[in-house]
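Sequences listed follow chains H and G, in order.
Using our numbering, the letters of the first sequence correspond one by one to residues 9 to 145.
Using our numbering, the letters of the second sequence correspond one by one to residues 753 to 830.
One structure is given here, and the rest of the page talks about it.
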Amino acid sequence: MDDPLSIVIFSGTDDRLTAASVFAAGAAALGRPVRILLQYWGLEAFRADRSGRGSALSPEASTSGAAALNAAIAAGQVNWAETFRMSKELGEVEIHACAQSMEILKLQPTDLDPMVDGVEGIAGFIAAAGSGQVLFI
Amino acid sequence: MTTLEIAARVDAKGLACPMPIVKTAQAMKGLASGQLLELLATDPGSTKDLEAWSKSTGNPLVESSVDGAVFRFVLRKK
């Protein structure tokens with residue numbers, strides 16, 4: 009069996025979440041298992057009451073680039089939450105919330121989007137990553 | 753020579769990466785071994801992506817061609 013692709017999603021901006029969702033979908037299409045750990049602002053973006061919307065864009069976004077991406081998001085061409093859901097239907101994609109971030113942000117599992125499979129600690133995440141690649145976004 | 757019979761067609765024209773391979777993987781799930789799938793795409797990365805997808809998943813890429821801005825691929829379900 010292939011090693012999983014492990015992705016730590018730390019950032020909660022729509023551009024970084026979109027990039028992470030592309031990796032997840034690509035790996036799922038290739039048949040690679042994907043394990044995602046949500047931390048801090050990445051976790052906040054998966055709150056059920058956010059309806060899959062992150063917060064603005066990364067500070068390095070240019071004015072014209074930001075306008076183009078925001079237009080694509082508004083037109084429905086880019087929707088990272090939908091891409092993650094599609095990845096989960098396509099392959100073996102697990103999304104876990106970081107236990108420490110859950111405590112700091114005072115979140116309960118019921119506060120999160122149903123596509124989040126559960127809460128995980130760091131040792132569990134690292135052990136499951138094995139010798140596979142780990143991305144930090 | 754017999755014409756290859758296409759069992760399923762996926763039109764991914766206008767869709768950006770990774771949608772061509774995502775839609776290909778979705779559609780291939782519904783095919784039986786030996787059946788053919790045709791994919792049309794305009795994503796400029798799709799040729800290399802489909803070659804990599806075929807190699808990684810073991811589903812042979814039978815045809816790969818380009819007509820203007822449209823790439824056409826035929827894959828056989830393993």
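Even for Gly, the Cβ is constructed at its ideal location relative to N, Cα and C.
At a cut-off of 4 residues, the continuous stretches assigned as alpha helix (DSSP H) that sit fully inside the stretch 64 to 126 of chain H are 71 to 82, 88 to 98, 107 to 112. Counting along the chain, the unbroken alpha helix (DSSP H) around H/F133 starts and ends at 130 to 137. At a cut-off of 8 Å between beta carbons, H/L98 contacts chain G. In chain order, P770, V774 make up the part of chain G whose C-beta sits under 7 Å from the C-beta of H/A33.
In chain order, L792, A793, T794, V822 place their CB closer than 7 Å to the CB of G/K765, counting only its own chain and leaving out the 5 sequence neighbours on each side. Considering only beta carbons, no part of the stretch 49 to 76 of chain H lies closer than 9 Å to chain G. H/F54 sits in coil when the DSSP states are folded into three classes, being neither helix nor strand.
Around the C-beta of H/D57, fewer than 16 other C-beta atoms lie within 10 Å, and the residue is accordingly described as exposed. Note on geometry: alpha-carbon atoms of H/P41 and H/L25 lie some 19 Å from one another.
For H/L143, the beta-bridge partners assigned by DSSP are H/I15. The beta-carbon separation of G/E790 and G/V826, rounded to 5 Å, stays under the 8 Å limit for a contact. A distance below 6 Å between beta-carbons, with the five flanking residues on each side excluded, links H/E52 to the following residues of its chain, in chain order: G20. Inclusion of H/L98 and G/V774 in the CB contact set at 8 Å is warranted, their separation being smaller than that value.
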